[in-house]
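Heads up, the thing below is written out as structure tokens.
Have a look at this one:
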């Protein structure tokens, strides 16, 4: 099988065809969406454009520790500050009058007796309110006694006493506790984040007076005190100066911790400033809104209403649901003892899952979730509600705030017991403008179902289409919790309004158009049941297994593309191992997460013909969607990054294929032993250097820059077994892939011009660089070449745990990478997962320097061999 690039004209036509052509599915050897092996070069025009981001693109910019090039974030990291600033500006939904804020932002409507309750509590608290006013009047004298030093927390004890008075008649099971936490360290919920000290914690009613360790899952809401700063101006606009954004980011990070640890649909936090003024904020996964400021000392009624409506002391609920507060997910609940017993017994009878975890760990994590499932292999079958029981800790947790906030759990279906059926339950917040992921899964599965055993994409393929489709992920049902379920649902009854964000800013346009616009950008809570259950790519047992998984992802991408679906987000978190095969030398792998996919080629006509009752395809919107800046920054094709601000640019299949290379290099830099020269260690190692630029473009220097990773240029002790070492199959595979990536991203070089009698300056030299595009057969063939039996792969090179030490080094960032083998707990959980957003990164200068071969990129020097 030959290796050559894709004809760019055919590739472009195939990828940008938005109206269905005549005919059905592509036949063997033709119509395979840019897979032709014959190469037609394309002259290069301009590949030095800088990336730029429009406001619409900034909306999706989500600071994430999961794609960070440094494992330890610091509060003053400039790139993290920039990302949080961009996200908060994009997610700000404006200021509402107090009454409107509670009406729009609380999950449950006010009761008819609420005004009476507020007045009664206010009247019962007059003595404490008077004491609070007296404390406010004493602040000038307190300041004088401190020699003029001001203290933002002067009113903090008074606020706590006031809150305690407000809730003194709440039932004990609904009476929150209040703690001064500004001198207590709350450990971060996410690895790599810094800890925090929120000023006032509004705690779970069952929280002990002094817990052994302060953790976020004990906290229901927080209040932050600022001396003078209100980060919203008098016109209701978000202030964007450094101090204001620092204060807003502090509040937003606390809100993120509350959302992640509680699984809530929304949370409330408050800010007190100038001692007597306050605002209340609602945060959800779509954005945040603020109340108008109010004088909480003179009129604390808004805080009374917040506590009444947050903890709902008169809700009338009983049993395990009695302690629910506003924002709690009403489609999740603790498992009963009977549930635990039935599931544990079933697990003990399963060959693989019986040894997965011990019983105390199983009981700690087991919760119930509502989901939906169809009959197997029938996308038209009616959906039925099922009860999912969580097995072990989450498989992945997205750390984005205004994002999909994806959580993935390993679950069994309660209704199937004692038969054990295991799924991955994907819990996510989908934007209204995004199509349901199940539509893409169903079209791909329908395409695979119609394949016969002999069909191939091309005549000289070594694998049939069905062989390439083996092990692909399937979706067995999807539930939009923001909609009422049509069908029997007891014992599950939920409030759909809780499962929709309500923080998009109002637009200055007509009411009907405004409502449509807002609904497209609000997020909706969804759950999907998927198989197989995956383990993270960073748990690879060998680099050969890693590369095999990446090749498999490429083949799955080819099958989907020929079915009419383009993935558009190839990343570390979206290539997984089947967990039941992890003991195999080469575990099975699969491509997952089609949230950002789109229909291409024949997919439009095929979907409309097969699923006429589904949401129709808007071809104009689809065309625009394919031009949208989409993906995970470290893995995005250079072409996409260069054209981020180009409205005419479109995402093509060969961009996804390039992402496979960036995933492979990212994984090798982060999770294998190597010995970079001291030059790169100063920037935190090659992972930080190449993938750490704010625009993502510095990784192009990996194509042209000398990067010896075998110890050349370092004074440190060099390990004997370095996977990336000249002469082994892994090194040569990276070199071969790199050569093809360069052809897709050539640099401009002038070609010598024969003497014509004119001065050289008068002759415009032609460009020598010619561009060819990646194709599925090309990528498959390259991997196959280095998987041959005679190729020598590194030994004993399973994934190592990635982490870095932060050092104070003049802004260069972190010290060199340190890697250790993962602990037993790492086998059960991973936080480095799908659908995170953009990276925290170093903002270092990139270089585009030509080189001849991978020996100039991963060169083994003459020393230390």
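Residue numbers (UniProt numbering): 1 to 865. All C-beta atoms, glycine included, are put in the ideal place defined by N, C-alpha and C.
Item to check | Segment limits, alpha helix (DSSP H) that includes residue 661 | outcome: Counting along the chain, the alpha helix (DSSP H) containing residue 661 begins and ends at 653-671.
Checklist entry - Nearest CA to the CA of residue 439: which residue from 615, 793, 499? => result Checked all of 615, 793, 499; the closest Cα to residue 439 is 615.
Checklist entry - In three-state terms, what does DSSP make of residue 387? => result Shown here, residue 387 sits in a strand according to DSSP, grouped into three states.
Next on the checklist: Let me check understanding here. Comparing Cα to Cα, which of 800, 122, 228 lies closest to residue 872?
Outcome noted: Residue 872 lies beyond the residue range present for the chain, which begins at 1 and ends at 865; the question has no answer from this structure.
Checklist entry - Do residue 417 and residue 342 come within 7 Å of each other at the CB atom, strictly closer than that value? => result Cβ atoms of residue 342 and residue 417: closer than 7 Å.
Item to check | Backbone secondary structure at residue 154 - three-state DSSP | outcome: Collapsing the DSSP output to three states places residue 154 in coil.
Checklist entry - Taking the continuous beta strand (DSSP E) assigned at residue 431, which residues delimit it? => result It spans 422-431 - the beta strand (DSSP E) in which residue 431 sits, taken as one unbroken run.
Next on the checklist: If distances are taken between C-alpha atoms only, which option among 455, 435, 543 comes closest to residue 526?
Outcome noted: Comparing Cα positions, the closest option is 435.
Item to check | Which residues DSSP lists as bridging residue 566, in chain order | outcome: When beta bridges are read from the DSSP output, residue 566 appears opposite 598.
Item to check | Under the three-state DSSP convention, the category residue 643 falls into | outcome: Coil, per DSSP.
Checklist entry - Taking buried to mean at least 16 other C-beta atoms within 10 Å of its own C-beta, is residue 167 buried or exposed? => result Label assigned to residue 167: buried.
Checklist entry - If you drop the 5 nearest sequence neighbours on each side, which residues of the same chain put their C-beta closer than 7 Å to that of residue 300? => result For residue 300, where only same-chain residues beyond five positions count, the Cβ hits under 7 Å are 129, 162.
Next on the checklist: Please report the distance separating the alpha-carbon of residue 112 from that of residue 100.
Outcome noted: Looking at the backbone, the Cα of residue 112 and that of residue 100 are separated by about 16 Å.
Checklist entry - Which full runs of the alpha helix (DSSP H) of 4+ residues lie inside the segment 343-426, going along the chain? => result Entirely contained in the segment 343-426, the alpha helix (DSSP H) runs reaching 4 residues are, in chain order, 359-365.
Checklist entry - Are residue 227 and residue 204 closer than 7 Å when you measure CB to CB? => result For the 7 Å CB-CB criterion, residue 227 and residue 204 do not form a contact.
Item to check | Run of the alpha helix (DSSP H) containing residue 128, from where it starts to where it stops | outcome: Taken as a continuous stretch (DSSP letters only), the alpha helix (DSSP H) holding residue 128 covers 126-137.
Item to check | Buried versus exposed call for residue 104 [16 or more other C-beta atoms within 10 Å across all chains shown] | outcome: When all chains shown are included, residue 104 counts as exposed.
Checklist entry - From which residue to which residue does the alpha helix (DSSP H) around residue 449 run? => result For residue 449, the uninterrupted alpha helix (DSSP H) segment begins and ends at 437-449.
Checklist entry - By DSSP, does residue 145 sit in helix, in strand, or in coil? => result Here residue 145 sits in helix by DSSP.
Item to check | Reference residue 568; option with closest CA among 537, 268, 652 | outcome: Relative to the Cα of residue 568, the nearest Cα in the group 537, 268, 652 belongs to 652.
Next on the checklist: Could you tell me which whole beta strand (DSSP E) segments of length 3 or greater appear in the segment 221-309?
Outcome noted: Taken in chain order, the complete beta strand (DSSP E) segments of 3 or more residues contained in the segment 221-309 are 267-273, 277-283, 288-291.
Next on the checklist: Please report the straight-line C-alpha distance between residue 541 and residue 613, rounded to a whole angstrom.
Outcome noted: Each residue's alpha carbon lies about 44 Å from the other.
Checklist entry - Which residue comes first and which comes last in the alpha helix (DSSP H) that contains residue 782? => result 776-786 is the span of the alpha helix (DSSP H), which, as asked, contains residue 782.
Next on the checklist: Determine whether the beta carbon atoms of residue 412 and residue 389 lie at a separation below 7 Å.
Outcome noted: Yes, the Cβ-Cβ distance between residue 412 and residue 389 is below 7 Å.
Item to check | Simplified DSSP state of residue 72, which is helix, strand or coil | outcome: With a pLDDT of only 45 at residue 72, under 50, the local geometry of the prediction cannot be trusted, and the value read off the model is given with reservation. If DSSP states are grouped into helix, strand and coil, residue 72 belongs with coil.
Next on the checklist: For residue 644 and residue 135, what's the separation of their Cα atoms in angstroms?
Outcome noted: Linking residue 644 to residue 135 through their CA atoms gives a straight-line distance of about 55 Å.
Next on the checklist: In the DSSP output, what is residue 527 paired with across the bridge?
Outcome noted: When DSSP reads this structure, residue 527 sits in a beta bridge with 427, 479.
Next on the checklist: Classify residue 415: buried if its beta carbon has 16 or more other beta carbons within 10 angstroms, exposed otherwise.
Outcome noted: Residue 415 comes out exposed.
Item to check | Cβ pair count under 8 Å reaching 3, the segment 683-698 against the segment 633-642 | outcome: They touch, by the three-pair rule.
Item to check | Three-state secondary structure assigned by DSSP to residue 534 | outcome: Residue 534: strand per DSSP, three-state reduction.
Item to check | When 802, 737, 728, 770 are compared against residue 794, the one with the closest alpha-carbon | outcome: Measuring from the Cα of residue 794, the nearest candidate turns out to be 728.
Next on the checklist: Quick check: the Cα distance between residue 280 and residue 373, rounded to an integer number of angstroms?
Outcome noted: Rounded to the nearest angstrom, the two C-alpha atoms are 39 Å apart.
Next on the checklist: Buried or exposed, going by whether 16 or more other CB atoms sit within 10 Å of the CB of residue 475?
Outcome noted: Classification of residue 475: buried, given that the 10 Å Cβ count is 16 or more.
Checklist entry - Between the segment 269-279 and the segment 148-159, are three or more C-beta pairs nearer than 8 Å? => result They touch, by the three-pair rule.
Item to check | 7 Å CB neighbourhood of residue 352 in its chain, flanking five on each side removed | outcome: Same-chain partners within the cutoff: 580.
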